[in-house]
Amino acid sequence: LILVGGLMLFSLIKKPQIETTLIQERNPLYITLSDGSIRNAYNLKIINKTHQVKNFKISLLRPNFGSLKIVNHDENNLAVPAETAVDFRALVSFSSQEIAQINKSETLIEIVISDLASQEEFKVSAIFIGE
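If you read the sequence shown in the working numbering, its first letter stands for residue 6, the second for the next number, and so on.
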């Protein structure tokens, strides 16, 4: 009984306070913009399980080129209220020259979400689909 109680206490203490997911929007898979660049849309969910508001900065980690934009929000200061899950629409774009550097029809992208207060980082990845 003590062993089971200890394991439950340990799992509660080690439970993550922030959870993140990145899911690609499937319809359409990608958009070719008028300048020839290719853009994918993603649903970024940040769950704040703490009792205070958290502010995050979001950036594209891999590949180190391309652009990341959060629709209707500032990528350098995303506020997530306490004990709340917030969905953001993220747009990742690569120019035609950058797509040629990738040299594949699919590549793995990685986004880093940094807590501005604690400097803790959370990484999420997804597939980028293009021509």
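Quick reminder that beta carbons are idealized off the backbone N, C-alpha and C, glycines included.
Candidates the options: closest to residue i by CA position
{"i": "V66", "options": "I134, G135 and V129", "result": "At residue 66 the sequence reads Leu, which differs from the Val that was named. Checking every option, the nearest Cα to that of L66 belongs to V129."}
{"i": "I104", "options": "S119, S72, V58 and V117", "result": "S72"}
{"i": "P68", "options": "T89, M13, Q57 and V97", "result": "V97"}
{"i": "H78", "options": "G11, P33 and R94", "result": "R94"}
{"i": "K74", "options": "L113, E88, N32 and F99", "result": "F99"}
{"i": "F70", "options": "S16, T112, E88 and T37", "result": "T112"}
Those residues which DSSP pairs with residue i across a bridge
{"i": "V76", "result": "DSSP, once it has assigned bridges, lists no residue as partnering V76."}
{"i": "T89", "result": "N53"}
{"i": "F99", "result": "I43"}
{"i": "A84", "result": "N60"}
{"i": "V117", "result": "S64 and K128"}
Integer-rounded CB distance, given that residue j should sit under 8 Å from residue i
{"i": "F133", "j": "T25", "result": "With a Cβ gap of about 18 Å, F133 and T25 do not count as contacting."}
{"i": "V85", "j": "I51", "result": "5 Å"}
{"i": "N45", "j": "Q29", "result": "6 Å"}
{"i": "D120", "j": "K59", "result": "6 Å"}
{"i": "L8", "j": "L27", "result": "No, L8 and L27 are not in contact; Cβ-Cβ is about 37 Å, not under 8 Å."}
{"i": "Y35", "j": "G135", "result": "5 Å"}
{"i": "S42", "j": "S101", "result": "6 Å"}
{"i": "A131", "j": "I114", "result": "6 Å"}
Own chain residues within Cβ distance below 6 Å of residue i, not counting five before or after
{"i": "E80", "result": "I63"}
{"i": "Q22", "result": "K54 and T55"}
{"i": "V91", "result": "I51 and V85"}
{"i": "N82", "result": "N60"}
{"i": "T37", "result": "I43"}
Spatial neighbours of residue i in its chain, beta-carbon cut-off 7 Å, leaving aside the 5 residues before and after
{"i": "E125", "result": "none"}
Beta strand (DSSP E) runs contained entirely in the region 21-69, provided each spans 3 or more residues: 23-29, 43-53 and 59-67
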